[in-house]
């Protein structure tokens, strides 16, 4: 699915491709690895099941740790759903889409087709206050600290509803799509009930919803603000931050290399696990270095991800 992208988006993609061709002609984009994608999905689901099982066996004292683990891996699954929308999980479109439709989208209360449509608009009209569905408007009043700005966006009821319920409250979702998500969850809970027990199935759903409303929501908003918030419109370079791997914090905030967001917008068909290598190649291109916003930390310094979050 494609849209006519804005001229500034097309210009940035064309210019960086030309610059790469002039300086590093040996660089080629690798095809997606379905085995790598399935392994990562299996890992994320395993962490979620294990966290639920630990709470089930040990008791309520494990709840907070379980919520952090589940919410983080929900964000990881969301990032893999994002990759599926770009057909970056398998070179075969049908295989890629089945992975997205069965293992990822419904678990997050999302419809795969609607997600792909919405995300394609984000790429095509990046930074457009009207046409970019992911655009976050700045506040009309001054904030004294980046956390105040973050808290305002975090506590917005519309943002919380979107994180918690996904497409279930989206007016564009058809009855058939809504039923597909609901039936997926009915089937999943039935499997848990059959193989583990009713109490485990109920606990899983409760932890899933609680994690989505808390940890998942907090990570998602922070990540979205890091990627684009408070930046000027007018192209990919001006409206996108790059946050390369910063160790454990990147695993928590940007699982599956999601922090390489500028590289992703410039080259959307690079699989997520190849983004660090692509970023390293781009750092050899002066055109990229002169225009990119590359963050060296999340919270501290003039080149931090939160720098510039004050209201306009």
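Residue numbers (this note's numbering): 1253 to 1564. Cβ coordinates follow ideal geometry from the N, Cα and C atoms, glycine included. Bear in mind the structure is a predicted one, so any value in this text is a computation, not a measurement.
Name the one or two DSSP bridge partners that residue i has.
| i | result |
| --- | --- |
| residue 1565 | Residue 1565 is absent from the structure shown; the chain starts at 1253 and stops at 1564. |
| residue 1337 | Bridge partners of residue 1337: none, in fact. |
| residue 1556 | 1549 |
Nearest by alpha-carbon distance to residue i: which of the options is it?
| i | options | result |
| --- | --- | --- |
| residue 1493 | 1471, 1548, 1336 and 1271 | 1548 |
| residue 1551 | 1474, 1296, 1301 and 1258 | 1474 |
| residue 1275 | 1482, 1536 and 1522 | 1536 |
| residue 1331 | 1558, 1368 and 1435 | 1368 |
| residue 1491 | 1381, 1266 and 1297 | 1381 |
| residue 1386 | 1558, 1456 and 1410 | 1410 |
| residue 1487 | 1304, 1325 and 1374 | 1374 |
| residue 1389 | 1281, 1501, 1408 and 1512 | 1408 |
| residue 1452 | 1345, 1310, 1554 and 1419 | 1310 |
| residue 1383 | 1485, 1400, 1553 and 1505 | 1485 |
| residue 1269 | 1534, 1555 and 1546 | 1534 |
Going by the CB atoms, is the gap between residue j and residue i shorter than 8 Å?
| i | j | result |
| --- | --- | --- |
| residue 1351 | residue 1442 | no |
| residue 1349 | residue 1361 | no |
| residue 1459 | residue 1318 | yes |
| residue 1561 | residue 1481 | yes |
| residue 1329 | residue 1286 | no |
| residue 1355 | residue 1419 | no |
| residue 1523 | residue 1335 | yes |
| residue 1412 | residue 1465 | yes |
| residue 1516 | residue 1527 | yes |
| residue 1463 | residue 1322 | yes |
| residue 1520 | residue 1433 | no |
| residue 1557 | residue 1478 | yes |
| residue 1489 | residue 1271 | no |
| residue 1320 | residue 1467 | yes |
| residue 1417 | residue 1469 | no |
| residue 1447 | residue 1304 | no |
Following the continuous alpha helix (DSSP H) through residue i, name the residue where it begins and the one where it ends.
| i | result |
| --- | --- |
| residue 1498 | Premise fails: residue 1498 is in no alpha helix (DSSP H) and is neither H nor E. |
| residue 1373 | 1364-1376 |
| residue 1514 | 1513-1518 |
| residue 1452 | 1450-1463 |
| residue 1433 | 1427-1447 |
| residue 1474 | 1469-1480 |
| residue 1510 | First-last for residue 1510: undefined, no H or E at that position. |
| residue 1399 | 1398-1406 |
| residue 1409 | 1409-1417 |
| residue 1530 | 1527-1534 |
| residue 1350 | 1345-1351 |
Inside the segment 1259-1315 only - alpha helix (DSSP H) runs reaching at least 4 residues: 1259-1275 and 1286-1310
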